[in-house]
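In the UniProt record's numbering, the protein residues as written are 1 to 53.
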């Protein structure tokens with residue numbers, strides 16, 4: 001089994017990546033984000049844009 005490929009999420013480049021199996025990874029913490037299930041069965045992940053000071 002090879003490495004899982006990752007791609008930047010448009011608008012969140014360098015902040016979050018999505019893997020080929022659908023996981024969302026935080027680039028800063030190198031951790032998989034947890035997801036929730038909305039009514040109707042749709043999965044969701046909340047993404048936050050960091051503040052620029």
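We put the beta carbon where it would ideally sit given N, CA and C, even for glycine.
A quick note: this is a predicted structure, and the numbers were derived from the prediction, not measured.
Inter-residue Cα distance where the pair is residue 12 and residue 28
Residue 28 has its alpha-carbon roughly 12 Å from the corresponding atom of residue 12.
Does DSSP put residue 30 in a helix, in a strand, or in coil?
coil
Own chain, CB closer than 7 Å to residue 7, minus 5 neighbours either side, in chain order
17 and 18
Relative to the C-alpha of residue 51, which residue among 38, 15 and 23 is closest?
Nearest C-alpha to residue 51 among 38, 15 and 23: 15.
Using alpha carbons as the reference points, say which of 39, 22 and 33 lies closest to residue 48.
The shortest Cα separation from residue 48 among 39, 22 and 33 belongs to 33.
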